[in-house]
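See below for the structure under consideration.
Residue numbers (the working numbering): 3 to 646.
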């Protein structure tokens with residue numbers, strides 16, 4: 003018998019024996035032979051039946067619900083199908099774990115002594131039955147990742163022993179307003195990724211033992227309860243991706259109250275509707291706080307000064323807001339920082355030199371700001387840095403060779419800056435590098451042949467620079483390469499035929515250079531034939547990149563969302579929301595320009611982006627020719643840009 007299959011028996015009766023044999027019969031596949039020893043003569047049931055992780059396929063027969071002495075039933079992590087039968091007759095059953103299967107149907111009938119019910123990661127439907135509240139011994143309920151609808155029953159307030167409630171990733175929509183008032187033992191309350199709406203019930207703050215509160219990815223509105231500080235055992239508080247607000251000074255009262263949660267380690271309000279300056283009371287949060295997430299709001303003003311008091315932070319995330327001013331030098335004195343995420347703000351000035359003291363820093367995201375100056379060689383002393391992303395800023399100078407020597411560096415993303423020095427040969431020392439994105443700079447000189455020593459690379463984007471020389475033949479050594487963009491780089495010489503040997507290559511763009519020879523047939527994903535429409539497509543992508551100020555390989559473009567699809571989704575009504583703000587500022591759009599001028603410039607913008615969309619259609623035969631593109635661009639220039 004497999005070691006994972008355990009039956010503890012004590013003189014089972016005939017009914018128990020037949021029930022187990024019926025279960026064995028209902029199992030159509032038992033690859034680990036977990037049930038091979040079950041036979042007519044010896045099979046008996048006791049208090050414990052454990053068959054987790056045995057790759058069992060089949061159904062749970064109703065007969066299993068007749069094991070009257072069974073106390074613990076573990077059938078998790080198999081491939082069981084069908085509905086869960088009634089276990090109401092298993093009068094001694096305390097623990098029922100059937101998670102990670104393919105079970106369907108609604109909640110089963112359950113016995114009154116049940117303490118733990120684990121149904122997660124199945125395909126359960128229906129609602130959470132109010133009758134569950136009659137099982138007053140219930141301590142643990144988990145049904146995450148199912149298709150359960152409706153509300154958390156009001157009757158759940160009658161579960162005085164409930165300690166853990168996991169109901170995330172379903173289709174639930176309402177929390178009882180008095181839920182927390184009658185659950186004195188509740189410790190973990192997790193309901194992310196549902197359709198919960200309305201205000202967060204203030205009664206939750208009466209659940210004085212609560213230490214894990216996870217409400218993310220719902221539709222909660224209004225304010226965070228100002229009494230949240232009553233949960234003085236709270237360690238994790240996640241409210242991200244809701245519609246919670248804080249406009250006025252009094253709306254931030256919860257932050258002062260949250261300072262009473264002296265054990266708080268994680269606090270997230272990413273993706274809400276917070277506005278204005280972050281109050282200094284942020285600095286009153288727990289000294290134990292390790293993660294602070296306030297990204298994707300509408301926060302403004304200088305970098306929040308209160309963060310200076312949070313000396314044990316590991317992650318600080320303020321990306322996608324409207325913060326201004328300089329990044330403070332003192333941020334580099336929070337010695338435990340592992341991740342800094344400040345992208346898509348309006349920070350100015352230089353990158354603080356103190357960042358080079360952060361020996362634990364693994365990820366640094368400063369993209370899409372207005373930072374100036376140079377990358378300092380001291381960044382090469384960061385011993386475990388993996389991601390360096392400072393795209394879309396105003397950096398100049400060279401990329402310090404010391405950065406290439408960081409043994410852990412995985413991503414270097416510095417596109418859309420003003421870097422202007424040749425690449426150092428030490429780039430070949432970045433053995434773990436998977437992505438190199440340096441496009442849209444003024445980098446000159448030869449592409450180092452040592453780049454071919456970076457044999458873990460999956461993406462190389464060097465387009466829109468001013469290189470000289472030819473494509474290094476050494477690139478053929480990068481067998482993992484999927485994306486190679488060398489367009490608009492002044493390269494000359496022959497196209498290395500060996501590029502065709504890169505079996506994983508999906509995107510190859512060599513357009514707008516002075517190259518000669520044949521393009522390897524792997525240019526088309528899947529090895530399709532080369533077509534002149536690729537130049538048109540590349541041109542369209544470049545147009546969208548320039549105006550939206552994003553690369554097709556940015557992290558946001560995944561799960562089927564491309565830069566072309568993103569533009570199409572927002573065209574034309576929402577285009578001003580996604581076009582590069584700096585470009586809009588230069589054009590004078592949305593800056594109080596006379597109405598006729600503003601409309602003229604907006605029409606010009608939409609006309610150009612429409613060309614980009616036409617060039618990037620999925621069906622190549624629907625693309626414009628380059629002659630048509632040139633003609634239309636000349637027409638736009640003549641119609642809208644006279645006098646510029």
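We put the beta carbon where it would ideally sit given N, CA and C, even for glycine. Predicted, not measured: the structure shown is a model, and the values here were computed from it.
The beta-carbon distance between residue 492 and residue 513, rounded to whole angstroms, is 13 Å. This is too long to meet the 8 Å contact definition. Residue nearest to residue 542 within the set 499, 464, 521 and 635 is 635 (criterion: CA-CA distance). Scanning 53, 290 and 319 for the CA closest to the CA of residue 311 turns up 290.
Scanning 365, 464 and 22 for the CA closest to the CA of residue 39 turns up 22. In this structure, DSSP gives residue 373 an extended state, which the three-state scheme calls strand. Take the alpha-carbon of residue 54 and the one of residue 294: they are about 38 Å apart.
Our two residues, residue 566 and residue 615, have alpha carbons roughly 6 Å apart in a direct line.
Note that the C-beta distance between residue 190 and residue 167 is below 9 Å. Burial state of residue 325 is buried, judged by a 10 Å Cβ sphere holding 16 or more other Cβ atoms. Collapsing the DSSP output to three states places residue 91 in coil. Within a 10 Å sphere around the beta-carbon of residue 640 sit fewer than 16 other beta-carbons, which makes this residue exposed. Taking all protein chains in view, the Cβ of residue 227 is crowded by 16 or more other Cβ atoms within 10 Å, so the residue is classified as buried. A Cβ-Cβ distance of about 4 Å is found for the pair residue 303 and residue 279, placing them in contact under the 8 Å criterion. Closest option to residue 69, judged by alpha-carbon separation, among 16, 307 and 382: 16. Per DSSP, reduced to three states, the secondary structure at residue 431 is helical.
Distances from the alpha-carbon of residue 385 to those of 402, 408, 367 and 366 put 408 closest. Closest by C-alpha distance to residue 169, out of 461, 142 and 160, is 142. Going by DSSP, residue 578 is part of the alpha helix (DSSP H) stretching over 577-580. The stretch 457-465 and the stretch 473-489 touch, with three or more beta-carbon pairs separated by less than 8 Å.
The beta carbon of residue 116 is closer than 7 Å to those of 95, 96, 98, 137, 139 and 140 in its chain, skipping five residues each way along the sequence.
Around residue 284, the same chain offers 257, 306, 308 and 309 as residues with beta carbons nearer than 7 Å, after the five sequence neighbours per side are excluded. Note that the C-beta distance between residue 400 and residue 428 is not below 9 Å.
Note that the C-beta distance between residue 301 and residue 286 is not below 9 Å.
The beta-carbon separation of residue 229 and residue 201, rounded to 13 Å, does not stay under the 8 Å limit for a contact.
Non-local beta-carbon contacts of residue 501 in its own chain, meaning distances under 6 Å to residues more than five positions away in sequence, involve 522 in chain order. Separation of residue 231 and residue 181 (C-alpha to C-alpha, rounded to the nearest whole angstrom) is 18 Å.
Rounded to the nearest whole angstrom, the CA to CA distance from residue 119 to residue 88 is 13 Å. Secondary structure note for residue 438: it is in no alpha helix (DSSP H), and the uninterrupted beta strand (DSSP E) holding it is 437-439.
By the neighbour-count definition (other C-beta atoms within 10 Å, threshold 16), residue 124 is a buried residue. With contacts defined by Cβ atoms closer than 9 Å, residue 368 and residue 339 do not form a contacting pair. For residue 258, the enclosing alpha helix (DSSP H) stretches over residues 255-260.
With a beta-carbon spacing of about 5 Å, residue 233 and residue 212 fall inside the 8 Å limit used to define contacts. Rounded to whole angstroms, residue 480 and residue 388 show a C-alpha spacing of 20 Å.
Counting along the chain, no beta strand (DSSP E) covers residue 358, and no H or E run does either. Secondary structure at residue 117: coil, using DSSP grouped into helix, strand and coil. Taking the CA atoms as reference points, residue 564 sits about 20 Å from residue 413.
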